[in-house]
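In this note's numbering, the protein residues as written are 14 to 128.
Here a beta-carbon is modelled for each residue, glycine too, at the ideal position from N, C-alpha and C.
Treat the numbers as computed from the prediction; the structure is a model and nothing was measured.
Before any comments, here is the structure.
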């Protein structure tokens, strides 16, 4: 999964390899770069077990109670957005436009209907 806030990009991926307990993430294209903060928001990493990993981006400094949680179980990725339209109303991405639900291409305007 890739998350972009402002000019900062965080990419996180899981691994199907049972012997691979390493974190696989890139922050602004740097593999396993310093991840104490992302786009000036604090990030917490939790490792409940070898196969599970959780990243919490705490948006509370700007949006009280809001966060983005990325959870990994092996190669499976789950993204949870905690907040309302005031926080995520201008977002677009894999789940579509927040307001309309339309899936748009990377150009931001072409609507995808071929799924």
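- An exposed status is given to residue 120, since fewer than 16 other beta-carbon atoms sit within 10 Å of its beta-carbon.
- If you ignore the 5 residues before and after residue 92, its C-beta comes within less than 6 Å of the C-beta of 14 and 83, all in its own chain and listed in chain order.
- The shortest C-alpha to C-alpha distance from residue 58 to any of 50, 69 and 51 is the one to 69.
- Beyond the five residues adjoining it in sequence on each side, residue 105 comes within less than 8 Å, by CB distance, of 111, 117 and 121 in the same chain, given in chain order.
- Here residue 66 has 27, 36, 58, 59, 60, 84 and 85 as same chain residues with Cβ atoms under 8 Å from its own Cβ, once five neighbours each way along the sequence are excluded.
- One Cα belongs to residue 32, the other to residue 63, and the distance between them is close to 9 Å.
- In the assembly as shown, residue 44 is an exposed residue. Its beta-carbon has fewer than 16 other beta-carbons within 10 Å.
- Leaving aside the five residues that flank residue 79 on each side, the residues in its chain whose CB is nearer than 7 Å to its CB run, in chain order, 72, 73, 95, 96 and 100.
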